[in-house]
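Q: Attaching a single structure in structure tokens format; questions to follow.
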Amino acid sequence: MSAHVTRRSLIRGITAATAVATLATGLAACGGDSDAATTTDSAAAGGVTVGRVSNGAAKETTIKVSEVKSISAKLPDAVKKSGKLTIGVGALPSGFAPLAYVGDDQKTLTGAEPDLGRLVAAVLGLEPETKNFTWENLFVGIDSGKVDVAFSNVTDTEERKKKYEFASYRQDNLGWEVKKSSTWKFDGDYKNLAGLTVSVGSGTNQEKILLEWKKKLESEGKKLTVKYYPDRNGTYLALNSGKIDAYFGPNPGIAYNVAKTAGTANATANAGTFSGAGETLQGLIAATAKKDSGLAEPLAEAINYLIDNGQYATWLEVYNLSNEAVAKSEVNPPGLPLDNS
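In structure tokens:
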């Protein structure tokens, strides 16, 4: 599947184009075999190691966390009895750094998404078992009961609420990538784009947003030049050579490239974010379970425990995603409306 998709296809799958640099750029939402690759991860007593074998996406860090019985007591009986939390990730065939992909040991499913699932499992006193699917089969896994919960960059939408329940944990953001030496900042105002040359993926939600801003600027007598490149390598060559001032794309992919290029001659920086849902709604990424499973509430409470006690902030910082933090996990918060699904 191309990393360049419309918003309608974007919300069916994972945020486009998050895989960059040396890892494959294809989304896990693309097709592929229906077989799941399964791994079981045992946390050391009282701690979960995040950022393992991350290929430069994160600094390996052990986060102290253990069961909170007042939260685990709220788990459905069947999950309590099993003693494990089966975490689904839709990262086949290629993965999407820094969120979910096979690590540099060629076997470990690593990334921000499975790592948060492991942290949540620790709070719930459960053994985490991660299962890696294609995007379509991830939801088949939830529907069939093979998966308890998906931690896989799933956007909260009203359409999905017909079948699933959510516990939000991260903002769904687009980002602005510039050269490290640049002093330009987006600051949430499209008027700051006047006079710039910006690259964006063709056919993407972010292209739609950017072209709307271009039209507004033109009505104000100002110019915004939009350029397109066939792949991310072309975009970065243009950015490094000064042919463009900024790249507008999915924030996690930008976070990954910022981490990978740090300290090099081609170092980049994030110059701001913008909600993937547009100006009127902050898009949210959420843990996703089968509707009426009884999991959303304890999942949200576990995430809020991690937020309140600092582990959540550490997890985001490890993956350079602090600019996607939420203040609180909510059960079934407002999602993308049906007319934007």
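In this text, residue positions in the sequence shown follow numbering that gives the first Met the number 0: the first is 0, and each later residue adds one.
Every residue, glycine too, gets a C-beta built ideally from N, C-alpha and C.
Being a predicted model, the structure only gives us computed values, none of them experimental.
1. Considering just the uninterrupted stretch of the beta strand (DSSP E) at Ser181, what are its terminal residues?
2. Is the beta carbon of Leu298 less than 8 Å from the beta carbon of Val148?
3. Compute the distance between the beta-carbons of Ala56 and Tyr255, then report whether it is under 8 Å.
4. Distance, Cα to Cα, Gly94 vs Gly102?
5. Just checking, does the region 126-137 make contact with the region 71-90 on the three C-beta pairs under 8 Å criterion?
6. Quick check: Lys290 and Lys145, are their CB atoms within less than 8 Å of each other?
7. Cβ of Leu91 within 8 Å of Cβ of Thr133?
8. Quick one: which unbroken alpha helix (DSSP H) runs of 4-plus residues sit fully inside the region 276-335? Chain order, please.
9. If you draw a straight line from the C-alpha of Lys242 to the C-alpha of Asn232, how long is it?
10. Restricting to Cα atoms, I'd like to know which of Asn191, Thr196, Leu283 and Ser65 is closest to Thr119.
11. Under three-state DSSP, which class holds Pro75?
12. Report, in whole angstroms, the separation of the C-beta atoms of Leu320 and Ala111, which I expect to be a contact under 8 Å.
13. Look at the alpha carbon of Asp186 and the alpha carbon of Gly275, and state the distance between them as a whole number of angstroms.
14. Where DSSP assigns a beta bridge to Tyr246, which residues make up the other side?
15. Let me check one thing: in DSSP terms, what residues is Tyr163 bridge-paired to?
16. Go ahead and label Tyr246 buried or exposed: buried means 16 or more other beta carbons lie within 10 angstroms of its beta carbon, across all protein chains shown.
17. What is the C-beta distance between Ala166 and Val47, in whole angstroms, given that I count them as a contact (C-beta under 8 Å)?
18. Tell me where the alpha helix (DSSP H) around Asn136 begins and ends.
19. Count the other CB atoms within 10 Å of the CB of Gly262; is the residue buried (16 or more) or exposed (fewer)?
20. Would DSSP call Leu115 helix, strand or coil?
21. With 16 as the cutoff for other CB atoms within 10 Å, does Gly200 come out buried or exposed?
22. Let me confirm a value: Asp104 is counted as buried when at least 16 other C-beta atoms fall within 10 Å, else exposed. Which label applies?
23. Does Thr156 pass the burial test, meaning 16 or more other C-beta atoms within 10 Å, or should it be called exposed?
24. Whose C-alpha, out of Asn331, Ser328, Leu294 and Glu316, is nearest the C-alpha of Val78?
25. Could you give the C-beta distance for Lys184 and Ala270, rounded to a whole number, given that I count them as a contact under 8 Å?
26. Tell me the residue span of the beta strand (DSSP E) that contains Asn269.
27. Let me check one thing: in DSSP terms, what residues is Pro127 bridge-paired to?
28. Tell me where the beta strand (DSSP E) around Lys226 begins and ends.
29. Could you tell me whether the Cβ atoms of Ile141 and Ala285 are closer together than 8 Å?
30. Is Leu337 helix, strand or coil by DSSP?
31. Anyone know if the C-beta pair for Asp114 and Val49 falls short of 8 Å?
A: So, from the listed chains and residues:
1. Under the DSSP assignment, Ser181 falls outside any beta strand (DSSP E); it carries neither an H nor an E label.
2. Annotated as proximal: Leu298 and Val148, with beta-carbon spacing under 8 Å.
3. yes
4. Inter-residue distance for Gly94 and Gly102 is about 10 Å (C-alpha atoms, whole angstroms).
5. yes
6. no
7. yes
8. The DSSP assignment places 295-307 and 310-317 as complete runs of the alpha helix (DSSP H) inside the region 276-335, in order along the chain (cut-off: 4 residues).
9. 13 Å
10. The question names Thr, but residue 119 is Val in the sequence shown. The shortest Cα separation from Val119 among Asn191, Thr196, Leu283 and Ser65 belongs to Ser65.
11. coil
12. Sure, about 6 Å apart at Cβ, within 8 Å.
13. 16 Å
14. Glu176 and Ser198
15. Lys289
16. buried
17. 18 Å between Cβ atoms; not a contact.
18. Trp134 to Ser143
19. Its Cβ having fewer than 16 others within 10 Å, Gly262 is exposed.
20. Helix at Leu115.
21. Under this definition Gly200 is a buried residue.
22. exposed
23. buried
24. Leu294
25. The C-beta separation of Lys184 from Ala270 comes to about 5 Å, placing the pair in contact by the 8 Å criterion.
26. Its beta strand (DSSP E) spans residues Thr267 to Ser274.
27. Leu84
28. Thr224 to Lys226
29. no
30. helix
31. Judged by their CB atoms, Asp114 and Val49 are nearer to each other than the 8 Å cut-off.
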